[in-house]
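Residue 45 in full-length UniProt numbering sits at position 45 of the sequence shown, with consecutive numbering throughout.
We put the beta carbon where it would ideally sit given N, CA and C, even for glycine.
All values derive from a computational prediction rather than experimental measurement.
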Amino acid sequence: MSKEFLGEFEEIILTMVAALGDDAYGAAITDEIELRLKRSVKLSAVHVTLYRLQDKGFLKSHMGGGTNERGGRRKRIYTVTDAGMATLQELKEKRLLLWGMVPQLKIS
């Protein structure tokens, strides 16, 4: 099997799912990206990316319970698989290596 590479938005979504834990569902991911990264994103783009990451084996999902706030509708909750977590770890290490090469960004 060939190595799967992630685009920037896929990496952001995968990271956000890992960070949100049990609260990782489409609307919450969208809200957090907009809040923390000051980046406007469409919920539909987040959902398409979540499905793509699931197809690649980096995420899995299950249906959560319905809530009164959502009119009884259930949320699809996403979690990072072992393969997804290994990919995040590898991405982090590579980013730190690259950033360490920039003298202005050296960590003391």
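**Message:** Please report the straight-line C-alpha distance between Phe9 and Leu50, rounded to a whole angstrom.
**Reply:** Straight-line Cα distance between these residues: approximately 10 Å.
**Prompt:** At what residues does the alpha helix (DSSP H) containing Glu44 begin and finish?
**Reply:** According to the sequence as given, residue 44 is Ser; it is not Glu. Looking at the DSSP string, the run of the alpha helix (DSSP H) that includes Ser44 is 43–55.
**Message:** So the candidates are Leu91, Arg95, Ala45; which of them puts its Cα closest to the Cα of Val4?
**Reply:** As written in the sequence, residue 4 is Glu, which differs from the Val given in the question. For Glu4, the closest C-alpha among the options Leu91, Arg95, Ala45 is that of Leu91.
**Message:** Is Leu59 close to the ligand FAD? I mean its beta-carbon at under 7 Å from any heavy atom of the ligand.
**Reply:** Absent from the structure shown: the ligand FAD. Ligands present: none.
**Where Leu59 falls: helix, strand or coil (DSSP)** = Per DSSP, reduced to three states, the secondary structure at Leu59 is strand.
**Item:** Start and end residues, alpha helix (DSSP H) containing Val17
**Value:** Run containing Val17: 8–20, per the alpha helix (DSSP H) assignment.
**Prompt:** Would the beta-carbon of Gly57 fall within 8 Å of that of Leu14?
**Reply:** With contacts defined by Cβ atoms closer than 8 Å, Gly57 and Leu14 do not form a contacting pair.
**Asked** Smallest Cα separation from Gln54: which of Lys38, Leu43, Ile77?
**Response** Comparing Cα positions, the closest option is Ile77.
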